[in-house]
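Have a look at the structure below, then the notes.
Residue numbers (the numbering used here): 27 to 362.
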């Protein structure tokens with residue numbers, strides 16, 4: 027199949043019977059074009075599907091009116107975040123570009139520096155960095171970070187109350203009568219993971235229950251990295267009666283491992299997650315979890331970024347937005 031050639035400004039001018047200069051004036055909203063001519067040119071633009079390239083637009087005005095959402099990879103968290111950003115961008119006058127260089131989280135430290143270097147100044151006017159590994163990325167455009175690895179810094183930042191969410195998850199299991207509660211933690215390089223483990227430990231201390239270190243494992247926030255530690259917890263001679271996994275993907279894998287071992291959730295082991303990604307509601311049984319408002323986090327990040335882009339005096343002014351977390355009760359936990 028022959029690839030269709032790109033429609034150019036010359037094609038528009040030839041079809042409309044006007045000069046390239048006239049088409050340029052219409053595209054850029056400049057004066058000096060009769061209303062009837064402008065309407066005719068716009069009709070041809072729509073019919074031909076003409077769109078100027080972002081690079082050309084940047085060269086003409088030093089702006090593209092495009093916001094970049096830069097992620098290490100597309101997974102449930104970043105996908106939900108994109109939905110929130112997409113929902114909020116309407117009416118702002120900006121377009122949205124989601125970009126990943128194809129790297130996998132955890133093995134590509136500094137990816138945001140490379141992505142910003144490629145895109146800023148020519149393709150995007152501002153960027154939202156999703157779980158960046160570093161927040162000192164030198165950029166010529168305004169930047170907002172969502173859930174950065176090291177927590178809030180000099181950049182405007184949006185995150186959720188990871189500590190409180192973990193306390194809620196552990197307290198829920200305690201209220202159901204569980205005392206041997208396993209913890210499947212996240213990646214050790216993430217502040218969110220550290221806070222979730224801190225919340226788990228704090229809730230146990232408040233209940234007067236010593237933390238049994240043999241029940242604490244690193245799950246890594248990914249199904250493949252959670253597999254082995256979930257097996258270890260569930261095959262202990264005195265295994266936990268409940269497991270708090272620090273994200274939903276790890277919790278879902280824990281439920282799968284339990285089934286592979288001949289156990290039933292929640293009759294043999296209760297499981298609770300964190301994030302409330304859409305997949306958590308479709309498991310068997312549906313996963314009890316902690317909701318962090320991921321789409322709203324995306325909306326807040328966009329709001330902050332647009333504010334920075336529209337107010338040059340705001341650039342460099344650190345802002346930290348922390349959104350509340352809450353328990354979502356489903357069917358993967360039961361009382362002892």
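Even for Gly, the Cβ is constructed at its ideal location relative to N, Cα and C.
All figures in this text were calculated on a predicted structure; none of them were measured in a lab.
Straight-line Cα distance separating residue 144 from residue 225: Looking at the two C-alpha atoms, the distance is approximately 39 Å.
Residue 296, enclosing beta strand (DSSP E) - first and last residue: Start and end: 296-298.
Beta-carbon proximity check, residue 316 vs residue 103, cutoff 8 Å: No, these two residues do not count as a Cβ contact at 8 Å.
Residue 206 versus residue 265: straight-line alpha-carbon distance, rounded: For residue 206 and residue 265, the distance between alpha carbons rounds to 8 Å.
Residue 39 (DSSP reduced to helix, strand or coil): If DSSP states are grouped into helix, strand and coil, residue 39 belongs with the helices.
Segments of 3+ residues assigned as beta strand (DSSP E) that fall wholly inside the region 262-348: Within the region 262-348, the runs of beta strand (DSSP E) that reach at least 3 residues and sit entirely inside it are, in chain order, 268-271, 296-298, 315-317.
C-beta atoms of residue 93 and residue 120 nearer than 8 Å: A contact, by the Cβ cut-off of 8 Å.
Straight-line Cα distance separating residue 149 from residue 85: Because the pLDDT of residue 85 is 43, which lies under 50, any placement of that residue in the model is unreliable, and the number read from its coordinates should be weighed accordingly. One C-alpha to the other measures close to 10 Å.
For residue 121, the first and last residue of its enclosing beta strand (DSSP E): Per DSSP, residue 121 belongs to the beta strand (DSSP E) from 121-125.
Buried or exposed (CB count within 10 angstroms, at least 16 for buried), residue 46: Taking every protein chain shown into account, the CB of residue 46 has fewer than 16 other CB atoms within 10 angstroms, so this residue is exposed.
Beta-carbon proximity of residue 210 to residue 271, cut-off 8 Å: Yes, these two residues count as a Cβ contact at 8 Å.
Straight-line Cα distance separating residue 176 from residue 192: Rounded to whole angstroms, residue 192 to residue 176 spans 18 Å at the Cα level.
Reference residue 168; option with closest CA among 349, 328, 355, 347: Taking only the C-alpha atoms, the option nearest residue 168 is 328.
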